[in-house]
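Q: First, the structure itself, so that you have it in front of you.
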Amino acid sequence: MQRNAELRSLLDRFEGARIAVVGDLVADEYLYGETERVSREAPVLIVRYESSDVKAGCGANAVANLCALGARVLPVGLVGDDATGTRLRQLLAEAGADVSSVIAVPGVPTATKTRVLAGGKNTRRQQMLRIDRDGPGAPPAALLARVLHALREAARNADAVMVSDYGAGLLCPPVIEAVLGLAKAGKIVCADSRYGLSQYRGVTQAKPNEVELEQLAGRPLGGDLGAIEEAGRELLRSLAASSLLVTRGRAGMLLLRPGAPAAALPVHGSATAVDVTGAGDTVMAANTLGIACGADPLQAARLANVAASLVVQKPGTATVSAAELRKELLRATVAGPELLERSPMASAGAQEPGRRRRARR
Numbered sequence: 048m049q050r051n052a053e054l055r056s057l058l059d060r061f062e063g064a065r066i067a068v069v070g071d072l073v074a075d076e077y078l079y080g081e082t083e084r085v086s087r088e089a090p091v092l093i094v095r096y097e098s099s100d101v102k103a104g105c106g107a108n109a110v111a112n113l114c115a116l117g118a119r120v121l122p123v124g125l126v127g128d129d130a131t132g133t134r135l136r137q138l139l140a141e142a143g144a145d146v147s148s149v150i151a152v153p154g155v156p157t158a159t160k161t162r163v164l165a166g167g168k169n170t171r172r173q174q175m176l177r178i179d180r181d182g183p184g185a186p187p188a189a190l191l192a193r194v195l196h197a198l199r200e201a202a203r204n205a206d207a208v209m210v211s212d213y214g215a216g217l218l219c220p221p222v223i224e225a226v227l228g229l230a231k232a233g234k235i236v237c238a239d240s241r242y243g244l245s246q247y248r249g250v251t252q253a254k255p256n257e258v259e260l261e262q263l264a265g266r267p268l269g270g271d272l273g274a275i276e277e278a279g280r281e282l283l284r285s286l287a288a289s290s291l292l293v294t295r296g297r298a299g300m301l302l303l304r305p306g307a308p309a310a311a312l313p314v315h316g317s318a319t320a321v322d323v324t325g326a327g328d329t330v331m332a333a334n335t336l337g338i339a340c341g342a343d344p345l346q347a348a349r350l351a352n353v354a355a356s357l358v359v360q361k362p363g364t365a366t367v368s369a370a371e372l373r374k375e376l377l378r379a380t381v382a383g384p385e386l387l388e389r390s391p392m393a394s395a396g397a398q399e400p401g402r403r404r405r406a407r408r
């Protein structure tokens, strides 16, 4: 049997899949320089500017990752009517996205995260500072109808809708209501929300990270797998979702489905990351594509886990291409999940966490 045949077959189906993305489009700006000395004005380093770069961040990074994996992507979002917004639209268009529904809002800047990276001669640059600039926020009344229309049109022929809510304002109540209406009508909707995941009741799948899950649970989870499963199942029931994928950094992922054992996915490859910036966007892109292409949530999560292992080895905001993912699937065997046994009470619906057992895959 060829290595990872099922996952490679799934990856082959990504090409041409149609994904609508409604999300907060942010520019990730990088300023590079060399540290020289401590300033006389204050106890801070002086950085001599060398170069700069702008990349697609947050929801825009999710769009770029979808494009890199072969999808046909139609993002719906807002940028400012400025040079950064023009550059962000250009980056998405160059990646292959249809940017006709990326709307420039007059008189406001584009949301931007500026990272200053510097180091001495012959040393590796390190991030010293991040400066965040707010963008358009919630759609102005004059543009809200246009955003809602763009969302409906983008979703009409899409295989799935992906929500990338970073709390920057696009996902205001009317837009969330429209998203949930799509889910209620039978559209696959996968949601990633940094601060408001509890608002997305009825989506197909939700993807919190461990910190976000802890905040939603309202109690410390302490990295304990049983506690994470318990909190995750509470959220899964609250959202009435088909599945919940919890990303856990170097501890891997945890997939939860109603009536099924929790599946713990170990980190694929090296547990040491070069840069985790935007890794969640890569996971969301690969996972949404998998579900949109008919994979069960576990298959989709396993492929997303491999994609995450590749992107965290790249500096800065980055993407993983279908070719890179295929090469890795040919190179290394992807480990199966560990399934968490559940008590009889859990099987009946209480879904209590239990002991782990190795999946036979």
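Numbering-wise, the numbering used here comes out as the position in the sequence shown, counting from 1, plus 47.
Backbone N, C-alpha and C define an ideal beta-carbon position, used for all residues, glycine too.
Going by C-alpha to C-alpha distance, which of Ala288, Glu371 and Val293 sits closest to Ala274?
A: For the purposes of this step, residue 274 is identified with residue 227 of the sequence shown, where counting begins at 1. For the residues Ala288, Glu371 and Val293, the minimum Cα distance to Ala274 belongs to Val293.
Q: Please report the straight-line C-alpha distance between Asp59 and Val330, rounded to a whole angstrom.
A: Walking along the sequence shown from the start, residue 59 turns up at place 12. Walking along the sequence shown from the start, residue 330 turns up at place 283. In a straight line, the C-alpha of Asp59 is about 17 Å away from that of Val330.
Q: Do you know how far the Cα of Arg119 is from the Cα of Ala370?
A: Taking the first residue of the sequence shown as position 1, residue 370 is located at position 323. Taking the first residue of the sequence shown as position 1, residue 119 is located at position 72. Spanning the two alpha carbons is a distance of roughly 16 Å.
Q: What did DSSP end up calling Gly228 once you bin it into helix, strand or coil?
A: Locating residue 228 in the sequence shown gives position 181, where the first residue counts as 1. Here Gly228 sits in helix by DSSP.
Q: Does the region 352-370 come close enough to the region 107-117 that 3 or more CB-CB pairs lie under 8 Å?
A: yes
Q: Cα separation between Tyr90 and Thr159?
A: Reading the sequence shown from its first residue, position 43 is the one you call residue 90. Reading the sequence shown from its first residue, position 112 is the one you call residue 159. Note on identity: in this sequence residue 90 is Pro, with Tyr being the wrong assignment. Looking at the two C-alpha atoms, the distance is approximately 27 Å.
Q: For Gly127, write down the residues that DSSP places opposite it in a beta bridge.
A: Taking the first residue of the sequence shown as position 1, residue 127 is located at position 80. The partner list for Gly127 (beta bridge, DSSP) reads Val152.
Q: Sorted by chain position, which residues of the same chain lie with C-beta nearer than 6 Å to Leu195's C-beta, five sequence neighbours on each side aside?
A: Position 148 of the sequence shown, counting from 1, holds the residue named residue 195. Hits under 6 Å: Ala225.
Q: Short of 6 Å in beta carbon distance, which residues of its chain neighbour Leu78, apart from the five on each side in sequence? Order them along the chain.
A: Here the question's residue 78 lines up with position 31 in the sequence shown. Ser99 and Val163.
Q: With 16 as the cutoff for other CB atoms within 10 Å, does Ala354 come out buried or exposed?
A: Taking the sequence shown and counting its residues from 1, the one referred to as residue 354 is at position 307. Buried, by the Cβ-count rule.
Q: Counting pairs of Cβ atoms below 8 Å between the region 304-320 and the region 375-386, do you hit three or more?
A: yes
Q: How long is the line joining the alpha carbons of Leu282 and Arg241, rounded to whole angstroms?
A: Residue mapping note: residue 282 aligns to position 235 of the sequence shown, counting from 1. Residue mapping note: residue 241 aligns to position 194 of the sequence shown, counting from 1. Here the alpha carbons of Arg241 and Leu282 stand approximately 14 Å from one another.
Q: How far does the beta strand (DSSP E) with Gln312 in it extend, from its first residue to its last?
A: Within the sequence shown, the letter at position 265 stands for residue 312. Here the sequence assigns Leu to residue 312, which means Gln is not the residue at that position. Element bounds for Leu312: Ala309 to Leu312.
Q: Could you spell out the range, first to last residue, of the alpha helix (DSSP H) harbouring Thr82?
A: The sequence position of residue 82 within the sequence shown is 35, counting from 1. Where Thr82 is concerned, there is no enclosing alpha helix (DSSP H), although the beta strand (DSSP E) it sits in stretches over Leu72 to Val85.
Q: Count the CB pairs spanning the region 206-216 and the region 226-238 that are closer than 8 Å, and state whether there are at least three.
A: Segment contact: the region 206-216 against the region 226-238, three or more CB-CB distances shorter than 8 Å; contact assigned.
Q: Specify the secondary structure class of Cys237 as computed by DSSP and reduced to three states.
A: The residue labelled residue 237 in the question sits at position 190 within the sequence shown. Note: Cys237 maps to strand in three-state DSSP.
Q: Can you tell me the Cβ-Cβ gap for Ala278 and Leu268, rounded? I've got them flagged as a contact below 8 Å.
A: Looking up residue 278 in the sequence shown gives position 231. Looking up residue 268 in the sequence shown gives position 221. With a Cβ gap of about 6 Å, Ala278 and Leu268 count as contacting.
Q: By how many angstroms is the C-alpha of Gln262 removed from the C-alpha of Leu301?
A: Here the question's residue 301 lines up with position 254 in the sequence shown. Here the question's residue 262 lines up with position 215 in the sequence shown. Approximately 17 Å between the Cα atoms of the pair.
Q: Looking at C-alpha atoms only, which residue of Gln137, Pro156 and Ala142 is the closest neighbour of Gly127?
A: Here residue 127 refers to the residue found at position 80 when the sequence shown is read from its first residue. Among Gln137, Pro156 and Ala142, the Cα nearest to that of Gly127 belongs to Pro156.
Q: Closest by CA to Val68, which one among Leu113, Val94, Leu227 and Ser86?
A: Against the sequence shown, residue 68 aligns to sequence position 21. Among Leu113, Val94, Leu227 and Ser86, the Cα nearest to that of Val68 is on Leu113.
Q: How long is the line joining the alpha carbons of Ala326 and Asp75, rounded to whole angstroms?
A: For the purposes of this step, residue 326 is identified with residue 279 of the sequence shown, where counting begins at 1. For the purposes of this step, residue 75 is identified with residue 28 of the sequence shown, where counting begins at 1. The alpha-carbon atoms of Ala326 and Asp75 are separated by roughly 14 Å.
Q: When you compare the CB positions of Leu57 and Leu350, do they come within less than 8 Å of one another, or not?
A: If you number the sequence shown from 1, residue 57 lands on position 10. If you number the sequence shown from 1, residue 350 lands on position 303. Yes, Cβ-Cβ distance for Leu57 and Leu350 is below 8 Å.
Q: I need the straight-line Cα distance from Gly63 to Ala264, nearest angstrom please.
A: For the purposes of this step, residue 63 is identified with residue 16 of the sequence shown, where counting begins at 1. For the purposes of this step, residue 264 is identified with residue 217 of the sequence shown, where counting begins at 1. Gly63 and Ala264: Cα-Cα distance of roughly 38 Å.
Q: How would you write the range of the beta strand (DSSP E) that Glu385 sits in, first residue to last?
A: Taking the first residue of the sequence shown as position 1, residue 385 is located at position 338. First-last of the beta strand (DSSP E) with Glu385: Glu385 to Leu387.
Q: If you count every other CB in all the chains shown that lies within 10 Å of the CB of Glu97, and 16 or more means buried, which is it?
A: Here residue 97 is taken as the residue at index 50 of the sequence shown, counted from 1. Exposed.
Q: Distance, Cα to Cα, Gly306 vs Leu291?
A: Within the sequence shown, numbered from 1, the residue matching residue 306 stands at position 259. Within the sequence shown, numbered from 1, the residue matching residue 291 stands at position 244. Cα to Cα, the separation comes out at about 13 Å.
Q: My understanding is that Val250 touches Ala288, with C-beta atoms under 8 Å, so please give their C-beta distance in whole angstroms.
A: In the sequence shown, residue 250 corresponds to position 203, counting from 1. In the sequence shown, residue 288 corresponds to position 241, counting from 1. So it is a contact: roughly 6 Å between Cβ atoms.
Q: Between the alpha carbons of Glu141 and Asn169, how many angstroms are there, rounded?
A: For this step, residue 141 is matched to residue 94 along the sequence shown. For this step, residue 169 is matched to residue 122 along the sequence shown. Answer to the nearest angstrom: the Cα atoms are 33 Å apart.
Q: Between the Cα of Ala298 and the Cα atoms of Ser317, Gly214 and Val85, which residue gives the shortest distance?
A: Within the sequence shown, residue 298 is the residue found at index 251, counting from 1. Ranking the options by Cα distance to Ala298, first place goes to Ser317.
Q: In chain order, what residues of the same chain lie with their CB nearer than 8 Å to the CB of Ile338, ignoring the 5 residues before and after it?
A: Position 291 of the sequence shown, counted from the start, is the residue given in the question as residue 338. Around Ile338: Ala207, Ile235, Cys237, Thr251, Gln252, Pro344 and Ala347.
Q: From the DSSP output, in three-state form, read off Asp59 for me.
A: Numbered from its first residue, the sequence shown carries residue 59 at position 12. Helix at Asp59.
Q: Leaving out five residues before and five after Val123 in sequence, what residues of the same chain have Cβ atoms less than 6 Å from its Cβ?
A: Mapped onto the sequence shown, residue 123 falls at position 76. Cβ neighbours of Val123 beyond the five flanking positions: Val69, Ser148, Ala197, Leu198 and Ala201.
Q: When DSSP builds the beta bridges, which residues end up paired with Ser99?
A: Translated into positions along the sequence shown, residue 99 becomes position 52. DSSP, once it has assigned bridges, lists Leu78 as partnering Ser99.
Q: Flag Ser289 as yes when its Cβ comes closer than 7 Å to any non-hydrogen atom of the ligand ATP, and as no otherwise.
A: Absent from the structure shown: the ligand ATP. Ligands present: none.
Q: Tell me whether the beta-carbon of Gly167 lies closer than 8 Å to the beta-carbon of Gly216.
A: Numbered from its first residue, the sequence shown carries residue 167 at position 120. Numbered from its first residue, the sequence shown carries residue 216 at position 169. No; because the gap between Cβ atoms is not below 8 Å, this pair is not in contact.
Q: What do you get for Asn51, buried or exposed, if any count of 16 or more other CB atoms within 10 angstroms of its CB means buried?
A: As a position in the sequence shown, residue 51 is number 4, starting the count at 1. Buried, since its Cβ has 16 or more Cβ neighbours within 10 Å.
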